[in-house]
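So in my numbering, spot 6 of the sequence shown is number 6, and the numbers just go up one at a time.
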Amino acid sequence: MSSSSKVVLLPGDGIGPEIVAQAARILALFPHISTTTHLVGGAAIDATGSPFPDTTRDAVSSADAILLGAVGGPKWEGQAVRPEQGLLAMRKHLDLFANIRPVFFPADKCRALSPLKPETLAGFDKSIVVRELVSGIYFGARTEANYSVSEVEAHDQMTYKQSEIARITHLAAHLALASNPPEPVTLVDKANVLATSRLWRKTVTDIMAQSYPQIPFSTCLVDAAAMHMIKDPKKLNGIVLTENLFGDILSDEASVIPGSLGLMPSASLAGLEKGKPGLYEPIHGSAPDIAGQGKANPIGTILSVAMMFRYSLNMPWEAELVEEAVRAAIDAGTVTADLGGSATTAAVGDLIVTLVEAALKTRRRPMTICEKILTDAAIGLQAPGNVTPGDMICVKVDWTLASELTWKGMEKTFDQMGRPKIHDPKRFWLAIDHTVDPKIMHQRSRRR
(Lines of atoms letter the chains of each structure in order from A and count residues from 1; the text may use other names and numbers.)
(Lines give C-alpha, C1' and ligand atoms only; values in the text may rest on other atoms or scores of the structure.)
Protein backbone atom coordinates (compact mmCIF):
# COMPACT_ATOMS: atom_id res chain seq x y z
CA MET A 1 0.00 0.00 0.00
CA SER A 2 1.41 3.38 -0.96
CA SER A 3 2.27 5.89 1.76
CA SER A 4 0.19 8.49 -0.05
CA SER A 5 -1.99 8.34 -3.15
CA LYS A 6 -3.52 11.06 -5.31
CA VAL A 7 -6.92 10.35 -6.83
CA VAL A 8 -8.61 12.73 -9.28
CA LEU A 9 -12.41 12.77 -9.24
CA LEU A 10 -14.20 13.55 -12.51
CA PRO A 11 -17.94 13.63 -11.76
CA GLY A 12 -18.85 14.54 -15.34
CA ASP A 13 -22.47 14.84 -16.46
CA GLY A 14 -25.96 13.57 -15.63
CA ILE A 15 -25.91 11.21 -12.65
CA GLY A 16 -22.11 11.34 -12.56
CA PRO A 17 -21.82 13.80 -9.65
CA GLU A 18 -24.27 11.76 -7.52
CA ILE A 19 -22.55 8.42 -7.91
CA VAL A 20 -19.02 9.78 -7.64
CA ALA A 21 -20.02 11.52 -4.39
CA GLN A 22 -20.90 8.14 -2.85
CA ALA A 23 -17.72 6.46 -4.08
CA ALA A 24 -15.65 9.37 -2.78
CA ARG A 25 -16.95 8.58 0.71
CA ILE A 26 -15.18 5.21 0.48
CA LEU A 27 -11.93 6.93 -0.49
CA ALA A 28 -12.32 9.33 2.45
CA LEU A 29 -12.06 6.40 4.87
CA PHE A 30 -8.36 6.12 4.04
CA PRO A 31 -6.26 9.07 5.30
CA HIS A 32 -3.39 8.36 2.93
CA ILE A 33 -5.64 8.98 -0.10
CA SER A 34 -6.11 12.61 -1.18
CA THR A 35 -8.66 13.66 -3.78
CA THR A 36 -9.20 16.64 -6.05
CA THR A 37 -12.20 17.28 -8.31
CA HIS A 38 -12.02 18.49 -11.91
CA LEU A 39 -14.26 19.00 -14.94
CA VAL A 40 -14.67 16.72 -17.92
CA GLY A 41 -17.26 16.13 -20.65
CA GLY A 42 -20.31 18.37 -21.03
CA ALA A 43 -19.75 20.15 -17.73
CA ALA A 44 -16.27 21.08 -18.93
CA ILE A 45 -17.60 22.28 -22.29
CA ASP A 46 -20.07 24.57 -20.54
CA ALA A 47 -17.40 26.00 -18.24
CA THR A 48 -14.34 26.15 -20.53
CA GLY A 49 -15.39 25.28 -24.08
CA SER A 50 -13.31 22.10 -24.00
CA PRO A 51 -14.41 18.58 -22.92
CA PHE A 52 -10.88 17.93 -21.60
CA PRO A 53 -9.49 21.27 -20.37
CA ASP A 54 -5.82 21.82 -19.61
CA THR A 55 -6.38 21.92 -15.84
CA THR A 56 -7.94 18.46 -15.98
CA ARG A 57 -5.19 17.21 -18.29
CA ASP A 58 -2.54 18.38 -15.83
CA ALA A 59 -4.36 16.84 -12.86
CA VAL A 60 -4.83 13.39 -14.37
CA SER A 61 -1.25 13.37 -15.64
CA SER A 62 0.11 13.45 -12.10
CA ALA A 63 -2.56 11.28 -10.45
CA ASP A 64 -2.17 7.73 -9.17
CA ALA A 65 -5.75 6.97 -10.22
CA ILE A 66 -8.82 8.68 -11.70
CA LEU A 67 -12.47 8.05 -10.86
CA LEU A 68 -14.97 9.08 -13.56
CA GLY A 69 -18.75 9.30 -13.23
CA ALA A 70 -20.21 9.61 -16.74
CA VAL A 71 -20.14 11.98 -19.70
CA GLY A 72 -22.66 13.06 -22.29
CA GLY A 73 -26.31 13.95 -22.62
CA PRO A 74 -28.86 15.35 -25.09
CA LYS A 75 -27.80 18.91 -24.28
CA TRP A 76 -24.58 18.47 -26.29
CA GLU A 77 -25.81 16.17 -29.07
CA GLY A 78 -25.12 17.38 -32.59
CA GLN A 79 -22.51 19.92 -31.50
CA ALA A 80 -19.06 20.13 -33.06
CA VAL A 81 -17.50 19.75 -29.60
CA ARG A 82 -18.96 16.75 -27.78
CA PRO A 83 -18.45 15.39 -24.25
CA GLU A 84 -17.28 12.00 -25.49
CA GLN A 85 -14.34 13.64 -27.23
CA GLY A 86 -12.94 14.48 -23.81
CA LEU A 87 -13.02 10.84 -22.75
CA LEU A 88 -11.27 9.68 -25.94
CA ALA A 89 -8.66 12.43 -25.57
CA MET A 90 -7.95 11.42 -21.97
CA ARG A 91 -7.55 7.75 -22.90
CA LYS A 92 -5.11 8.67 -25.66
CA HIS A 93 -3.21 11.19 -23.51
CA LEU A 94 -2.65 8.66 -20.71
CA ASP A 95 -2.17 5.76 -23.15
CA LEU A 96 -4.90 3.77 -21.40
CA PHE A 97 -4.64 0.91 -23.84
CA ALA A 98 -6.44 -1.77 -21.83
CA ASN A 99 -10.08 -1.63 -20.81
CA ILE A 100 -11.02 -4.25 -18.21
CA ARG A 101 -14.71 -5.01 -17.72
CA PRO A 102 -15.55 -7.83 -15.34
CA VAL A 103 -18.96 -9.45 -15.70
CA PHE A 104 -20.09 -11.22 -12.54
CA PHE A 105 -22.77 -11.31 -9.87
CA PRO A 106 -21.79 -9.00 -6.98
CA ALA A 107 -24.17 -11.06 -4.81
CA ASP A 108 -25.92 -14.38 -5.44
CA LYS A 109 -29.20 -12.53 -5.05
CA CYS A 110 -28.50 -10.80 -8.38
CA ARG A 111 -28.83 -14.06 -10.31
CA ALA A 112 -32.61 -13.82 -9.98
CA LEU A 113 -32.46 -10.41 -11.71
CA SER A 114 -30.63 -11.64 -14.79
CA PRO A 115 -32.62 -11.74 -18.05
CA LEU A 116 -31.01 -15.13 -18.72
CA LYS A 117 -32.70 -18.30 -17.48
CA PRO A 118 -31.17 -20.13 -14.48
CA GLU A 119 -30.33 -23.13 -16.65
CA THR A 120 -28.51 -20.84 -19.09
CA LEU A 121 -26.49 -19.32 -16.26
CA ALA A 122 -25.50 -22.72 -14.87
CA GLY A 123 -21.72 -22.89 -14.71
CA PHE A 124 -21.18 -19.19 -15.42
CA ASP A 125 -18.83 -17.65 -12.88
CA LYS A 126 -17.03 -14.56 -14.12
CA SER A 127 -15.96 -13.20 -17.47
CA ILE A 128 -13.42 -10.38 -17.78
CA VAL A 129 -13.48 -8.59 -21.12
CA VAL A 130 -10.04 -7.14 -21.88
CA ARG A 131 -10.49 -4.67 -24.70
CA GLU A 132 -7.76 -2.78 -26.59
CA LEU A 133 -8.76 0.84 -26.12
CA VAL A 134 -6.54 3.33 -27.98
CA SER A 135 -6.26 1.95 -31.50
CA GLY A 136 -8.39 0.23 -34.13
CA ILE A 137 -11.29 1.70 -36.00
CA TYR A 138 -12.20 4.30 -33.35
CA PHE A 139 -8.82 5.97 -33.82
CA GLY A 140 -8.26 5.30 -37.53
CA ALA A 141 -8.51 7.69 -40.46
CA ARG A 142 -12.04 8.48 -41.53
CA THR A 143 -13.91 10.32 -44.24
CA GLU A 144 -17.33 11.72 -43.41
CA ALA A 145 -20.18 11.41 -45.89
CA ASN A 146 -20.58 14.15 -48.48
CA TYR A 147 -24.31 14.37 -49.21
CA SER A 148 -23.89 16.81 -52.07
CA VAL A 149 -22.72 14.09 -54.47
CA SER A 150 -24.84 11.45 -56.21
CA GLU A 151 -23.09 8.43 -54.64
CA VAL A 152 -22.56 9.15 -50.95
CA GLU A 153 -19.67 7.34 -49.26
CA ALA A 154 -18.00 7.30 -45.86
CA HIS A 155 -14.83 5.56 -44.75
CA ASP A 156 -13.47 4.31 -41.41
CA GLN A 157 -10.04 2.68 -41.29
CA MET A 158 -9.03 -0.02 -38.82
CA THR A 159 -5.29 -0.30 -38.23
CA TYR A 160 -3.34 -2.30 -35.64
CA LYS A 161 0.37 -2.60 -34.97
CA GLN A 162 1.79 -5.85 -33.69
CA SER A 163 3.29 -4.06 -30.69
CA GLU A 164 -0.17 -2.80 -29.69
CA ILE A 165 -1.53 -6.33 -29.80
CA ALA A 166 1.44 -7.76 -27.93
CA ARG A 167 1.25 -5.43 -24.95
CA ILE A 168 -2.41 -6.07 -24.24
CA THR A 169 -1.86 -9.80 -24.68
CA HIS A 170 0.78 -9.75 -21.94
CA LEU A 171 -1.56 -7.76 -19.70
CA ALA A 172 -4.40 -10.24 -20.26
CA ALA A 173 -2.05 -13.12 -19.49
CA HIS A 174 -0.94 -11.54 -16.22
CA LEU A 175 -4.58 -11.09 -15.23
CA ALA A 176 -5.13 -14.77 -15.96
CA LEU A 177 -2.11 -15.73 -13.84
CA ALA A 178 -3.53 -13.83 -10.85
CA SER A 179 -5.79 -16.85 -10.28
CA ASN A 180 -4.69 -20.32 -9.22
CA PRO A 181 -5.10 -22.21 -11.46
CA PRO A 182 -4.80 -19.58 -14.20
CA GLU A 183 -7.98 -18.35 -15.83
CA PRO A 184 -8.48 -19.43 -19.45
CA VAL A 185 -7.89 -16.78 -22.12
CA THR A 186 -10.17 -16.61 -25.17
CA LEU A 187 -9.18 -14.43 -28.12
CA VAL A 188 -12.23 -13.04 -29.96
CA ASP A 189 -11.61 -11.93 -33.54
CA LYS A 190 -12.93 -12.15 -37.12
CA ALA A 191 -9.89 -13.85 -38.63
CA ASN A 192 -11.94 -15.47 -41.39
CA VAL A 193 -12.61 -12.02 -42.91
CA LEU A 194 -10.40 -9.22 -41.53
CA ALA A 195 -6.67 -8.75 -42.09
CA THR A 196 -6.31 -7.04 -38.70
CA SER A 197 -7.93 -10.04 -37.03
CA ARG A 198 -5.48 -12.39 -38.71
CA LEU A 199 -2.65 -10.27 -37.30
CA TRP A 200 -4.30 -10.46 -33.88
CA ARG A 201 -4.67 -14.23 -34.09
CA LYS A 202 -1.06 -14.94 -35.10
CA THR A 203 0.40 -12.47 -32.60
CA VAL A 204 -1.67 -13.61 -29.64
CA THR A 205 -1.34 -17.30 -30.44
CA ASP A 206 2.45 -17.05 -30.70
CA ILE A 207 2.80 -15.10 -27.44
CA MET A 208 0.54 -17.42 -25.48
CA ALA A 209 2.36 -20.52 -26.77
CA GLN A 210 5.85 -19.16 -26.18
CA SER A 211 5.44 -17.16 -22.97
CA TYR A 212 2.36 -18.57 -21.22
CA PRO A 213 1.99 -22.27 -22.05
CA GLN A 214 0.45 -22.88 -18.60
CA ILE A 215 -2.61 -20.74 -19.45
CA PRO A 216 -5.50 -22.46 -21.26
CA PHE A 217 -5.94 -20.60 -24.55
CA SER A 218 -8.52 -20.69 -27.35
CA THR A 219 -9.88 -18.51 -30.16
CA CYS A 220 -13.45 -17.65 -31.05
CA LEU A 221 -15.01 -15.69 -33.90
CA VAL A 222 -16.85 -12.59 -32.72
CA ASP A 223 -20.26 -13.66 -34.03
CA ALA A 224 -19.97 -16.97 -32.17
CA ALA A 225 -18.82 -15.15 -29.02
CA ALA A 226 -21.89 -12.89 -29.17
CA MET A 227 -24.07 -15.98 -29.32
CA HIS A 228 -22.23 -17.76 -26.48
CA MET A 229 -22.60 -14.69 -24.25
CA ILE A 230 -26.38 -15.09 -24.26
CA LYS A 231 -26.90 -18.78 -25.00
CA ASP A 232 -24.11 -20.37 -22.93
CA PRO A 233 -22.03 -17.74 -21.09
CA LYS A 234 -19.95 -20.31 -19.20
CA LYS A 235 -18.03 -20.85 -22.44
CA LEU A 236 -16.58 -17.38 -21.91
CA ASN A 237 -15.57 -17.83 -18.27
CA GLY A 238 -12.14 -16.31 -17.69
CA ILE A 239 -10.42 -13.66 -19.81
CA VAL A 240 -11.96 -12.53 -23.11
CA LEU A 241 -9.29 -10.68 -25.10
CA THR A 242 -10.32 -8.63 -28.12
CA GLU A 243 -9.85 -5.45 -30.16
CA ASN A 244 -11.56 -2.10 -29.65
CA LEU A 245 -14.78 -2.37 -31.67
CA PHE A 246 -15.55 -5.99 -30.78
CA GLY A 247 -14.77 -5.29 -27.13
CA ASP A 248 -17.12 -2.33 -27.04
CA ILE A 249 -20.01 -4.39 -28.37
CA LEU A 250 -19.36 -7.60 -26.42
CA SER A 251 -18.81 -5.88 -23.08
CA ASP A 252 -22.07 -3.96 -23.45
CA GLU A 253 -23.88 -7.17 -24.34
CA ALA A 254 -22.34 -9.01 -21.38
CA SER A 255 -23.17 -6.21 -18.96
CA VAL A 256 -26.87 -7.13 -18.95
CA ILE A 257 -26.13 -10.58 -17.52
CA PRO A 258 -25.95 -9.41 -13.86
CA GLY A 259 -29.37 -7.75 -14.14
CA SER A 260 -28.51 -4.04 -14.17
CA LEU A 261 -26.02 -1.76 -15.88
CA GLY A 262 -25.68 0.04 -12.55
CA LEU A 263 -23.80 -2.89 -11.00
CA MET A 264 -20.72 -3.25 -13.16
CA PRO A 265 -17.36 -1.45 -12.78
CA SER A 266 -14.53 -1.00 -15.25
CA ALA A 267 -10.87 -0.02 -15.39
CA SER A 268 -8.83 1.50 -18.19
CA LEU A 269 -5.12 0.93 -17.63
CA ALA A 270 -1.76 1.89 -19.12
CA GLY A 271 -0.35 -1.35 -17.76
CA LEU A 272 -0.15 -3.22 -14.48
CA GLU A 273 3.21 -1.75 -13.49
CA LYS A 274 3.46 0.55 -10.49
CA GLY A 275 3.36 4.25 -11.31
CA LYS A 276 1.03 4.04 -14.30
CA PRO A 277 -2.34 5.75 -13.76
CA GLY A 278 -5.66 4.01 -14.19
CA LEU A 279 -9.10 5.39 -15.04
CA TYR A 280 -12.01 3.78 -13.20
CA GLU A 281 -15.69 4.22 -14.02
CA PRO A 282 -19.04 2.41 -14.01
CA ILE A 283 -20.04 1.02 -17.37
CA HIS A 284 -23.37 2.85 -17.60
CA GLY A 285 -24.03 6.22 -19.17
CA SER A 286 -24.99 9.59 -17.72
CA ALA A 287 -28.75 8.77 -17.50
CA PRO A 288 -29.90 12.42 -17.66
CA ASP A 289 -33.54 11.35 -17.28
CA ILE A 290 -32.97 10.46 -13.60
CA ALA A 291 -30.21 12.94 -12.79
CA GLY A 292 -30.67 14.77 -9.49
CA GLN A 293 -33.51 12.52 -8.29
CA GLY A 294 -31.54 10.21 -6.01
CA LYS A 295 -32.45 7.17 -8.15
CA ALA A 296 -29.02 6.36 -9.57
CA ASN A 297 -27.35 3.12 -8.52
CA PRO A 298 -23.88 3.91 -7.08
CA ILE A 299 -22.72 0.28 -6.82
CA GLY A 300 -20.93 0.19 -10.19
CA THR A 301 -18.95 3.29 -9.18
CA ILE A 302 -18.18 1.91 -5.72
CA LEU A 303 -16.99 -1.37 -7.22
CA SER A 304 -14.84 0.72 -9.57
CA VAL A 305 -13.12 2.00 -6.43
CA ALA A 306 -12.49 -1.63 -5.45
CA MET A 307 -10.82 -2.16 -8.83
CA MET A 308 -8.78 1.01 -8.23
CA PHE A 309 -7.61 -0.38 -4.91
CA ARG A 310 -6.58 -3.64 -6.56
CA TYR A 311 -4.88 -2.39 -9.74
CA SER A 312 -3.55 1.11 -8.98
CA LEU A 313 -3.21 1.61 -5.21
CA ASN A 314 -1.90 -1.80 -4.09
CA MET A 315 -4.76 -2.27 -1.64
CA PRO A 316 -6.13 -5.75 -2.45
CA TRP A 317 -7.38 -6.43 1.07
CA GLU A 318 -9.28 -3.14 1.13
CA ALA A 319 -10.74 -4.01 -2.28
CA GLU A 320 -12.14 -7.20 -0.79
CA LEU A 321 -13.70 -5.23 2.08
CA VAL A 322 -15.53 -2.98 -0.39
CA GLU A 323 -16.77 -5.95 -2.40
CA GLU A 324 -17.98 -7.69 0.77
CA ALA A 325 -19.82 -4.53 1.83
CA VAL A 326 -21.55 -4.28 -1.55
CA ARG A 327 -22.57 -7.93 -1.30
CA ALA A 328 -23.99 -7.37 2.19
CA ALA A 329 -25.94 -4.28 1.09
CA ILE A 330 -27.53 -6.18 -1.80
CA ASP A 331 -28.35 -9.15 0.42
CA ALA A 332 -29.94 -6.75 2.92
CA GLY A 333 -32.21 -5.38 0.20
CA THR A 334 -30.80 -1.86 0.38
CA VAL A 335 -30.78 -1.28 -3.36
CA THR A 336 -32.11 1.22 -5.86
CA ALA A 337 -35.13 0.77 -8.12
CA ASP A 338 -33.19 -0.84 -10.98
CA LEU A 339 -32.58 -3.80 -8.64
CA GLY A 340 -36.16 -3.89 -7.40
CA GLY A 341 -35.57 -1.80 -4.29
CA SER A 342 -36.66 1.62 -3.07
CA ALA A 343 -33.43 2.96 -1.53
CA THR A 344 -31.98 6.26 -2.68
CA THR A 345 -28.49 6.73 -4.05
CA ALA A 346 -27.37 8.19 -0.71
CA ALA A 347 -29.01 5.41 1.32
CA VAL A 348 -27.10 2.74 -0.59
CA GLY A 349 -23.91 4.71 -0.08
CA ASP A 350 -24.67 5.15 3.64
CA LEU A 351 -24.90 1.41 4.25
CA ILE A 352 -21.85 0.46 2.20
CA VAL A 353 -19.70 3.15 3.84
CA THR A 354 -20.89 2.04 7.29
CA LEU A 355 -20.02 -1.59 6.54
CA VAL A 356 -16.56 -0.76 5.20
CA GLU A 357 -15.85 1.55 8.13
CA ALA A 358 -16.90 -1.14 10.62
CA ALA A 359 -14.69 -3.73 8.92
CA LEU A 360 -11.70 -1.40 9.06
CA LYS A 361 -12.19 -0.99 12.82
CA THR A 362 -12.67 -4.66 13.64
CA ARG A 363 -10.37 -6.42 11.16
CA ARG A 364 -6.69 -6.06 10.32
CA ARG A 365 -5.07 -6.26 6.95
CA PRO A 366 -3.15 -9.57 6.63
CA MET A 367 0.60 -9.18 7.06
CA THR A 368 2.91 -9.66 4.09
CA ILE A 369 5.62 -12.32 4.12
CA CYS A 370 8.24 -9.68 4.94
CA GLU A 371 6.17 -8.37 7.85
CA LYS A 372 5.68 -11.86 9.25
CA ILE A 373 9.40 -12.62 9.10
CA LEU A 374 10.29 -9.30 10.71
CA THR A 375 7.66 -9.76 13.42
CA ASP A 376 9.03 -13.19 14.26
CA ALA A 377 12.53 -11.70 14.70
CA ALA A 378 11.41 -8.55 16.54
CA ILE A 379 12.76 -7.76 20.01
CA GLY A 380 10.21 -7.08 22.75
CA LEU A 381 7.14 -7.09 20.48
CA GLN A 382 4.04 -8.00 22.44
CA ALA A 383 1.61 -10.65 21.22
CA PRO A 384 -0.13 -10.95 18.81
CA GLY A 385 2.71 -9.09 17.14
CA ASN A 386 0.90 -7.67 14.14
CA VAL A 387 2.73 -4.90 12.32
CA THR A 388 1.62 -2.61 9.53
CA PRO A 389 3.53 -0.35 7.11
CA GLY A 390 5.04 2.55 9.00
CA ASP A 391 5.42 0.71 12.33
CA MET A 392 8.90 0.88 13.90
CA ILE A 393 10.25 -2.33 15.40
CA CYS A 394 13.65 -3.44 16.67
CA VAL A 395 14.95 -6.57 14.94
CA LYS A 396 17.98 -8.73 15.64
CA VAL A 397 19.69 -9.33 12.30
CA ASP A 398 21.22 -12.69 11.50
CA TRP A 399 22.04 -14.46 8.28
CA THR A 400 18.98 -16.68 8.47
CA LEU A 401 16.71 -13.65 8.65
CA ALA A 402 18.61 -11.96 5.81
CA SER A 403 18.29 -15.08 3.67
CA GLU A 404 14.55 -15.44 4.36
CA LEU A 405 13.84 -11.84 3.43
CA THR A 406 16.00 -12.03 0.34
CA TRP A 407 14.46 -15.20 -0.99
CA LYS A 408 10.88 -14.96 0.28
CA GLY A 409 10.09 -11.29 0.58
CA MET A 410 11.61 -9.71 -2.50
CA GLU A 411 11.22 -12.26 -5.28
CA LYS A 412 10.22 -9.75 -7.92
CA THR A 413 13.03 -7.29 -7.19
CA PHE A 414 15.76 -9.90 -7.14
CA ASP A 415 14.40 -11.85 -10.08
CA GLN A 416 14.60 -8.68 -12.13
CA MET A 417 17.95 -7.36 -10.84
CA GLY A 418 19.85 -10.52 -9.92
CA ARG A 419 20.13 -12.28 -6.58
CA PRO A 420 23.03 -10.82 -4.57
CA LYS A 421 25.30 -12.26 -1.95
CA ILE A 422 24.77 -10.77 1.49
CA HIS A 423 28.05 -9.36 2.84
CA ASP A 424 27.15 -6.47 5.11
CA PRO A 425 23.95 -6.42 7.23
CA LYS A 426 23.83 -2.61 7.13
CA ARG A 427 23.74 -2.66 3.36
CA PHE A 428 21.17 -5.45 3.44
CA TRP A 429 18.69 -3.33 5.40
CA LEU A 430 19.29 -0.39 3.10
CA ALA A 431 18.43 -2.67 0.18
CA ILE A 432 15.17 -3.66 1.82
CA ASP A 433 14.33 0.06 1.75
CA HIS A 434 15.28 0.14 -1.96
CA THR A 435 18.08 2.70 -1.40
CA VAL A 436 20.88 0.34 -2.48
CA ASP A 437 21.10 -1.45 -5.81
CA PRO A 438 20.97 -5.21 -5.05
CA LYS A 439 23.54 -5.73 -7.80
CA ILE A 440 26.25 -4.09 -5.67
CA MET A 441 25.17 -5.36 -2.27
CA HIS A 442 27.92 -7.99 -2.23
CA GLN A 443 30.49 -5.17 -2.21
CA ARG A 444 31.82 -3.82 1.05
CA SER A 445 30.46 -0.51 2.26
CA ARG A 446 32.93 2.35 1.91
CA ARG A 447 31.97 3.62 5.36
CA ARG A 448 32.71 1.06 8.05
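Using N, Cα and C, we set each Cβ at its ideal position, and we do this for glycine too.
query: Limits of the unbroken beta strand (DSSP E) element including Gly140; result: Unbroken run through Gly140: none, as it is neither H nor E.
query: Ordered list of beta strand (DSSP E) runs contained in the stretch 89-157, each at least 3 residues; result: 98-103 and 127-132
query: Three-state secondary structure assigned by DSSP to Leu9; result: strand
query: Contact check, Gly41 vs Gly78, beta carbons under 9 Å; result: no
query: Through-space distance from Lys361 to Ile249, alpha-carbon basis; result: 42 Å
query: Beta carbon of Arg327 nearer than 9 Å to that of Ala107; result: yes
query: Which listed residue (Ala154, Val149, Glu132 and Ser148) has its alpha carbon closest to that of Arg142; result: Ala154
query: Reduced DSSP category for Val326 - H, G, I as helix; E, B as strand; rest coil; result: helix
query: Contact check, Gly271 vs Leu171, beta carbons under 9 Å; result: yes
query: CA-to-CA distance, Ala359 to Met308, given in whole angstroms; result: 19 Å
query: Exposure of Pro182, with buried meaning 16 or more beta-carbon neighbours within 10 Å; result: buried
query: For Glu253, the first and last residue of its enclosing alpha helix (DSSP H); result: Asn244 to Ala254
query: The stretch 128-138 contacting the stretch 89-102, beta-carbon criterion three pairs below 8 Å; result: yes
query: Arg142 CB to nearest heavy atom of the ligand COA below 8 Å; result: This structure lacks the ligand COA; in fact it carries no ligand of any kind.
query: Nearest neighbour of Ser197, chosen from Ala178, Ala176 and Thr219 [CA to CA]; result: Thr219
query: Per-residue DSSP class, three states only, for Ser211; result: helix
query: Buried/exposed call for Cys110, threshold 16 Cβ in 10 Å; result: buried
query: Rounded Cβ spacing between Leu221 and Met229 (contact assumed at less than 8 Å); result: Going by Cβ atoms, the distance from Leu221 to Met229 rounds to 13 Å, so no, they are not a contact pair.
query: Secondary structure of Ser266, DSSP reduced to three states; result: strand
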